[in-house]
């Protein structure tokens with residue numbers, strides 16, 4: 007068995023598992039947010055049970071529509087709060103995007119099973135959790151039973167060796183992989199990340215990559231710290247030092263092209279942040295650009311910290327001031343416009359550079375709007391230039407906020 | 507859900523990679539559950555789908571149907587608009603599970619080059635056979651027993667309720 011299969015077997019309470027086998031695994035944390043939980047509460051009521059499996063292992067997060075842009079949205083949050091109070095569940099409101107909130111508030115040892123009613127639940131694979139995205143009904147079932155039924159996926163190993171060149175970031179690595187494997191490359195499969203680069207990567211970098219493995223259809227993403235993860239279906243090797251700054255052009259995360267090929271494209275809105283790239287290092291990268299130059303008057307730039315802790319760190323390090331001086335708007339920690347919810351939707355003629363994870367047609371607003379996905383550095387430089395430029399054009403690479 | 511798992515219905519044909527933002531746009535996610543049907547496919551190439559679709563209709567689509575978000579509102583909107591079955595060569599995992607969990611049948615088969623919008627087909631989910639308008643029969647992938655069991659129970663919630671009742675006895 008490989009590392010993922012060993013953990014799945016342990017979670018299923020059996021000596022071993024086979025690929026394709028239907029197993030029932032124990033759940034260590036079940037998490038839902040303010041657009042998936044309300045449906046789940048209806049489903050939970052239909053089950054007709056008067057308790058959750060373990061109140062310490064269920065978490066609600068209001069992040070997608072917080073602060074509520076509509077009465078309906080707020081109604082959903084009130085429903086969650088009432089349920090949370092009744093059943094003794096922890097609910098986080100406005101503290102950040104669920105995946106970041108989980109990382110900051112729960113200690114989840116390697117092999118823990120996280121069931122999240124959000125497709126980007128796979129983010130937690132960055133720190134060794136087996137994190138599976140589900141829908142509202144499956145979440146309700148997990149909340150009632152403390153278990154999840156899954157089919158044991160085939161495991162693929164992605165080896166990331168080498169060192170990134172300046173101007174290239176974890177975001178470029180995952181865009182490179184999505185471009186290589188496509189949006190269905192790992193559907194119903196698990197991906198295990200290993201290699202020299204992985205062993206030296208920060209937690210933040212690993213979270214950026216793990217977050218977007220769902221964009222290749224993956225059921226599970228897992229970052230190993232071992233040299234030998236055991237027998238896998240196939241091994242794919244990459245030398246990250248060969249990767250150049252990349253973007254996913256409209257309208258698929260797999261439509262990946264070098265930034266250099268897209269240079270010159272006019273930009274009207276820039277979003278920096280989210281659960282993909284809204285952590286403090288991402289903010290430092292953006293601030294390194296904005297400390298040198300102001301945002302182009304034709305560009306709306308919105309900063310979207312992944313959590314309140316990130317927002318506080320931005321404040322403490324003086325980044326907030328740099329962003330405001332440069333002309334950016336700092337939104338509250340949460341999902342904001344990433345999924346077309348609120349706080350910066352795109353018009354039909356908007357061209358958006360976003361550090362988020364999806365650019366499907368209409369994802370961030372109008373169906374005609376065009377969204378390019380990029381690293382915080384690439385996005386920040388586009389905000390200043392008012393057009394797509396290769397990293398290093400607006401400010402020298404390698405420097406940090408210099409004051 | 508009919509017990510025999512036989513579906514006869516009119517086809518709506520869609521392309522490859524119909525993602526969840528096309529099926530049910532983000533702005534509609536927090537809308538009341540009984541209004542979701544009005545937004546079925548609102549972000550797709552056929553934004554007026556919800557006005558055209560009739561009860562029992564079948565969606566035939568290309569690869570990777572339902573890729574993207576885990577929003578269960580996507581299959582809920584299709585089911586409540588009247589869609590009885592979705593057929594595609596491949597589905598995104600979370601969408602496929604969500605559909606099954608709410609009792610909306612899905613089958614893996616590539617019919618995109620064999621049918622057009624408006625055609626009537628008959629599908630026997632248990633045997634995976636599809637009878638085309640010209641009388642020819644093609645085969646799709648037969649769902650696993652556990653999937654058929656969830657569909658037969660009318661969705662995952664009914665199955666879980668049965669499980670929990672058994673445990674208490």
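Protein chains in written order, with the numbering used here: chain A, 7 to 409; chain B, 507 to 675.
Positions of the beta carbon are idealized from the N, C-alpha and C atoms, including for glycine.
Please read all numbers here as calculations on a predicted model, not as lab measurements.
{"Check": "Own chain, CB closer than 6 Å to residue 246 (chain A), minus 5 neighbours either side, in chain order", "Outcome": "166, 168, 170, 179 and 203"}
{"Check": "Contact under 8 Å by Cβ, residue 29 (chain A) with residue 158 (chain A)", "Outcome": "yes"}
{"Check": "Cβ-based neighbour list, residue 380 (chain A), same chain, cut-off 6 Å, excluding 5 preceding and 5 following", "Outcome": "253 and 359"}
{"Check": "Proximity test, Cβ basis, 8 Å: residue 604 (chain B) and chain A", "Outcome": "yes"}
{"Check": "Residues bridged to residue 525 (chain B) [DSSP beta-bridge criterion]", "Outcome": "B:573"}
{"Check": "Residue 560 (chain B) classed as buried or exposed, judged by whether at least 16 other C-beta atoms fall within 10 angstroms", "Outcome": "exposed"}
{"Check": "Residues of the segment 524–536 of chain B with Cβ closer than 7 Å to any Cβ of chain A, in chain order", "Outcome": "525, 527, 528, 531, 532, 533, 535 and 536"}
{"Check": "Chain-ordered chain B contacts of residue 28 (chain A) [CB-CB under 7 Å]", "Outcome": "652"}
{"Check": "Bounding residues of the beta strand (DSSP E) (the contiguous stretch that carries residue 545 (chain B))", "Outcome": "Element bounds for residue 545 (chain B): n/a, residue is neither H nor E."}
{"Check": "Reduced DSSP secondary structure (H/G/I, E/B, other) of residue 520 (chain B)", "Outcome": "coil"}
{"Check": "Residue-chain proximity (residue 584 (chain B), chain A), Cβ-Cβ < 8 Å", "Outcome": "no"}
{"Check": "Local conformation of residue 408 (chain A) per DSSP, three classes", "Outcome": "Its pLDDT being 39, under 50, residue 408 (chain A) is placed unreliably by the model, and the measurement read from it follows with that caveat. Correct three-state label for residue 408 (chain A): coil."}
{"Check": "Given residue 315 (chain A) as reference, the closest of A:33, A:98 and A:132 once Cα atoms are compared", "Outcome": "A:98"}
{"Check": "Cβ pair count under 8 Å reaching 3, the segment 61–76 of chain A against the segment 341–352 of chain A", "Outcome": "yes"}
{"Check": "DSSP three-state assignment for residue 511 (chain B), whether helix, strand or coil", "Outcome": "coil"}
{"Check": "C-alpha distance - residue 563 (chain B) paired with residue 260 (chain A), whole-angstrom precision", "Outcome": "31 Å"}
{"Check": "Chain B contact for residue 5 (chain A) (CB, 8 Å cutoff)", "Outcome": "Any answer about residue 5 (chain A) is impossible in this case: the structure gives chain A only from 7 up to 409."}
{"Check": "Ordered list of beta strand (DSSP E) runs contained in the segment 161–241 of chain A, each at least 3 residues", "Outcome": "161–167, 196–200 and 226–229"}
{"Check": "Close-in-space but distant-in-sequence residues of the same chain around residue 195 (chain A) (CB under 7 Å, 5 per side omitted)", "Outcome": "159, 160, 162, 224 and 225"}
{"Check": "Contained alpha helix (DSSP H) runs [length at least 4] in the segment 243–318 of chain A, N- to C-terminal order", "Outcome": "265–268, 280–283 and 286–296"}
{"Check": "Coil, strand or helix - residue 20 (chain A) by DSSP", "Outcome": "coil"}
{"Check": "C-beta neighbour in chain B for residue 396 (chain A), strict 8 Å", "Outcome": "no"}
{"Check": "Chain A contact for residue 546 (chain B) (CB, 8 Å cutoff)", "Outcome": "no"}
{"Check": "Residue environment, residue 303 (chain A), which counts as buried when at least 16 other CB atoms sit within 10 Å", "Outcome": "exposed"}
{"Check": "Where the alpha helix (DSSP H) through residue 121 (chain A) begins and ends", "Outcome": "Unbroken run through residue 121 (chain A) is the beta strand (DSSP E), 119–123; no alpha helix (DSSP H)."}
{"Check": "8 Å Cβ cutoff, residue 587 (chain B) in contact with chain A", "Outcome": "no"}
{"Check": "Proximal residues of chain B, C-beta to C-beta of residue 55 (chain A) below 8 Å", "Outcome": "670"}
{"Check": "Exposed unless 16 or more other CB atoms sit within 10 angstroms - verdict on residue 382 (chain A)", "Outcome": "buried"}
{"Check": "Collapsed DSSP secondary structure at residue 611 (chain B) in the structure displayed", "Outcome": "strand"}
{"Check": "Validate contact between the segment 597–604 of chain B and the segment 643–650 of chain B using beta carbons, cut 8 Å, 3 pairs", "Outcome": "no"}
{"Check": "Enclosing alpha helix (DSSP H) for residue 657 (chain B) [first to last residue]", "Outcome": "651–659"}
{"Check": "Whole-angstrom distance between residue 640 (chain B) and residue 197 (chain A), CA atom to CA atom", "Outcome": "43 Å"}
{"Check": "First and last residue of the uninterrupted alpha helix (DSSP H) at residue 144 (chain A)", "Outcome": "142–151"}
{"Check": "Assigned exposure category for residue 206 (chain A) - 16 Cβ within 10 Å defines buried", "Outcome": "exposed"}
{"Check": "Rounded C-alpha distance that separates residue 296 (chain A) from residue 265 (chain A)", "Outcome": "19 Å"}
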